[in-house]
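As structure tokens, the structure follows; a few thoughts come after it.
Number of protein chains: 2
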Amino acid sequence: MTPSDLFTISHRDSLGRARAGMLRLPHGTVPTPAFMPVGTHASVKGLTSDQIAATGASILLCNAFHLALRPGEDLVRELGGLHRFMNWNRPILTDSGGYQIFSLGKLFEVDDESVSFQSPVDGKRLTFTPERVVEIQEALGVDIMMPLDQPVGWPCEEDSARFAMRRSVAWLKRAVAAKKTSQVLFGIAQGSVFHDVRREGTALVLETGVPGLAVGGLAVGEGQDLMLKGLDFALRGAPAQYPVYLMGVGTPADLVEAIDRGVDMFDCVLPTRNGRTGWAWTSEGVLRIRNSVFREDARPLDPRCEGPCCRVSRAYIRHLFISGEMLGPSLLSFHNLRYYQRLVEGAREAIIEKKWHLYKMQILDRVKRIGRRVVQP
Amino acid sequence: MTPSDLFTISHRDSLGRARAGMLRLPHGTVPTPAFMPVGTHASVKGLTSDQIAATGASILLCNAFHLALRPGEDLVRELGGLHRFMNWNRPILTDSGGYQIFSLGKLFEVDDESVSFQSPVDGKRLTFTPERVVEIQEALGVDIMMPLDQPVGWPCEEDSARFAMRRSVAWLKRAVAAKKTSQVLFGIAQGSVFHDVRREGTALVLETGVPGLAVGGLAVGEGQDLMLKGLDFALRGAPAQYPVYLMGVGTPADLVEAIDRGVDMFDCVLPTRNGRTGWAWTSEGVLRIRNSVFREDARPLDPRCEGPCCRVSRAYIRHLFISGEMLGPSLLSFHNLRYYQRLVEGAREAIIEKKWHLYKMQILDRVKRIGRRVVQP
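Those sequence lines, one after another, are chains A and B.
Here the first sequence stands for residues 6 to 382, where the numbers follow my numbering.
Here the second sequence stands for residues 6 to 382, where the numbers follow my numbering.
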């Protein structure tokens, strides 16, 4: 499969690298830029699949590592694949779990062959190879598979970044060789924030012949400036026709900056995690809904939002949080996901209508006026 | 208001006292028999108001005591009333909170004038009078108000049952006198399971001129046989035209037995509480969804259910519970509420089609075949 079988760019910004396009996948076409809600364990926390669809999401992210551990990919395959399992009939991308395994701290051991770790589910010793991770995702039947990779944290030395990037490329080659189905396999380019490593990472990944490029290992604590620098390094040498997925990013401002640099796909836990803990994005700023200033506030969270979350008042949602009602986290998760979808829908529209630069400035200006980024709980 | 302004009986069973009717309320007409989902704090746990409506509920129960404590009835009134507050536009009945206050154990003090108690929200000493409880519900703007009453627990002496029943009637008279709006106020007849006290309780309540009769103080541990005996005593002398609400009841078998005795309205936490803890009612029996027998079960919870809960497999819902995903409790709450609504819809249809006796036998037989009642967590 070539990038052009998968991805068509229909509009480009004349100044920067922002573009609008379409990803053609077995379970449907995804307009880009696209934001993927995170449904790690085959569930976006607190939302039914109808509600996820109602946020406007056209593609969902799940996690192959978590699903292999529980309930197991064989079970999901027997039950008709991940789409049927979770009753979601639009495209799904699964992350490989590299990031999760290497976040287990001292509980993993890695060499060129494989990574072994203690299962957080039952404590059993497990080994993942690049081949095994492809096999899992083939069993799940997802639209886009991600290869096993070795990310690095932050701070990080250039040598370790290069080492991890090269091992990730070696693993990607094994993943490409192991793949038995027509499912799409993206490559993950590592390299932290180092110019040479990023350039080499992207080049080596594309040499493997994958039709899509994921930029991994960013937004791990280096801050937005360095993150964008790393992204610039990663994309500078990349041909324009590849769909680009910036993994695990980010805040609304991060998304806008990254779209401006040619990124097409995102995933992030922020909208749902912040929603569960009582934070809401709105066109007027970020609300901490438990704050007593909202006690008597009859307004919806955001007049621009059409969701069920905004057919009730801020006072009601605050009441739900103060009373410990599950509906509060669900409504704010919906709301924040809808906010993110409106953000990427607006970006796409702006690119198509040749107003991208204005749109970008408006969003960034709004974020600046709001005066603070959402503090992660 | 007379009972006939409020309630029309359209069909009666020829053998027993079962009947189908319509309750006409400001926010809509409620077909009876009716089951009211419990939304204590202005939220049915884990469900949006659209989802509650999709279960088929045509009337909802909230709790005046809890809402007065938090967020406060004045706030709810300022925000347009309880319907607007929670975005539910069908009828609402509020329980007064008598049951909740007298469940606070030694934390309350009661005399003929009022009951005072320590707020479970902030520890403040509060006093509720019958007048105050009407005032709260007038501020909430609900369709049906319940008066402050004094229930008794189980076991209980006949003298204390009589004493509490008479005090509840005295309080009801004060509630009737205090009422300033055209909202409907039901009377609550207490009397535990004692023949003479129940007869007197019902007679005294109806003498106050209220248009609806609630039977309180049952299903508090006395068991189904005694509960039904108490209900028989309470209803034997009651004229047929009053809508009858059996408070806090019960299991599917309880509902069928009570409908057979002339009850029109029910509320109970069982479907949602059991749903949250992993129990599902189905036409084939009661499922404990965490049970490993459901690990690979591709079937829906119940082939007779049309809800979103039954567009996924038992295996998927089990996975959600095992993984601690909020969606599991939400889906099972929806499912069990839909089960209860199907039960009362079926009862209504059977009464209308003159098949009530058959329907009743089928449900009771099914419950018996299933061989066990759901154990409350």
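Glycine is no exception: its CB is placed at the ideal position from the N, C-alpha and C atoms.
Item: Contact set for Ile356 (chain A): own chain, Cβ-Cβ below 6 Å, skip 5 residues either direction; Value: His16, Asp18, Ala23, Ala25
Item: Residue-chain proximity (Tyr345 (chain A), chain B), Cβ-Cβ < 9 Å; Value: no
Item: Option in A:Leu240, A:Ala245, A:Met331 with minimal Cα separation from Gly280 (chain A); Value: A:Met331
Item: 9 Å Cβ cutoff, Lys50 (chain A) in contact with chain B; Value: yes
Item: Listed by chain order, chain B residues near Ile264 (chain A) by CB distance under 9 Å; Value: By Cβ distance, chain B contributes nothing, its closest Cβ being about 30 Å from Ile264 (chain A), past 9 Å.
Item: Closest Cα partner of Pro305 (chain B) within the set A:Asn92, A:Ser335, A:Ile294, A:Val49; Value: A:Asn92
Item: Distance, Ser63 (chain A) Cα to Val139 (chain A) Cα; Value: 23 Å
Item: Cβ-Cβ separation, Asp154 (chain A) to Gln195 (chain A) (assumed contact under 8 Å), whole Å; Value: 6 Å
Item: Three-state secondary structure (DSSP) of Ile193 (chain A); Value: strand
Item: One or two residues paired with Asp16 (chain B) in a DSSP bridge; Value: Reading off the sequence shown, one finds His at residue 16 (chain B), where the question assumed Asp. Note: His16 (chain B) sits in a beta bridge opposite B:Ala25.
Item: N- and C-terminal bounds of the beta strand (DSSP E) containing Val35 (chain A); Value: 33-37
Item: CB contact check: Phe90 (chain B) to chain A, cutoff 9 Å; Value: yes
Item: Simplified DSSP assignment, three categories, for Arg49 (chain B); Value: Before going on, a small fix: residue 49 (chain B) reads as Val here, not Arg. Note: Val49 (chain B) maps to coil in three-state DSSP.
Item: Any C-beta of chain A under 9 Å from that of Ile327 (chain B); Value: yes
Item: From B:Leu231, B:Tyr321, B:Gln367, B:His340, residue whose alpha carbon lies closest to that of Gly77 (chain A); Value: B:Tyr321
Item: Every unbroken alpha helix (DSSP H) inside the segment 155-199 of chain B [4 residues or more]; Value: 163-183
Item: Ile322 (chain A), enclosing alpha helix (DSSP H) - first and last residue; Value: 319-327
Item: Members of the segment 294-318 of chain A that neighbour chain B once the beta carbon cut-off is set at 8 Å; Value: Arg300, Glu301, Ala303, Pro313, Arg316, Val317, Ser318
Item: Asn68 (chain B) (DSSP reduced to helix, strand or coil); Value: strand
Item: Interface residues of the segment 102-115 of chain A facing chain B [CB-CB below 8 Å]; Value: none
Item: Spatial distance of Glu143 (chain A) from Phe90 (chain A) (CA atoms); Value: 15 Å
Item: Within chain B, partners of Ser335 (chain A) - CB distance below 8 Å; Value: Gly51, Thr53, Met331, Ser335
Item: Under 9 Å from the C-beta of Leu80 (chain A): neighbouring residues of chain B; Value: Arg300, Glu301, Ala320, His324
Item: Chain-ordered neighbours of Arg424 (chain A) on chain B, where CB pairs are closer than 9 Å; Value: A query on residue 424 (chain A) cannot be resolved here, the shown segment of chain A reaching from 6 to 382 and no further.
Item: Partner residues on chain A for His340 (chain B), Cβ-Cβ distance less than 9 Å; Value: Result: empty, since nearest Cβ-Cβ is about 12 Å, beyond 9 Å.
Item: Exposed unless 16 or more other CB atoms sit within 10 angstroms - verdict on Ile14 (chain A); Value: buried
Item: As assigned by DSSP and simplified to three states, the class of Ala62 (chain A); Value: coil
Item: Start-to-end residues for the beta strand (DSSP E) that takes in Ile97 (chain A); Value: 97-100
Item: Chain-ordered chain A contacts of Ala47 (chain B) [CB-CB under 9 Å]; Value: Tyr321, His324, Leu325, Ser328, Glu330
Item: Cβ-based neighbour list, Gly376 (chain A), same chain, cut-off 7 Å, excluding 5 preceding and 5 following; Value: Caution applies to Gly376 (chain A), whose pLDDT of 48 falls short of 50 and renders its modelled position unreliable; the value that the coordinates give is listed next. Correct list: empty, nothing qualifies.
Item: Exposure of Lys365 (chain B), with buried meaning 16 or more beta-carbon neighbours within 10 Å; Value: buried
Item: Any chain B beta carbon closer than 9 Å to Leu84 (chain A); Value: yes
Item: Residues that DSSP places opposite Tyr345 (chain A) in a beta bridge; Value: Beta-bridge pairing links Tyr345 (chain A) to no other residue.
Item: Distance CB(Gly206 (chain A))-CB(Ala182 (chain A)) smaller than 9 Å; Value: no
Item: Which residues DSSP lists as bridging Asp272 (chain B), in chain order; Value: B:Met41
Item: Any chain A beta carbon closer than 9 Å to Pro76 (chain B); Value: yes
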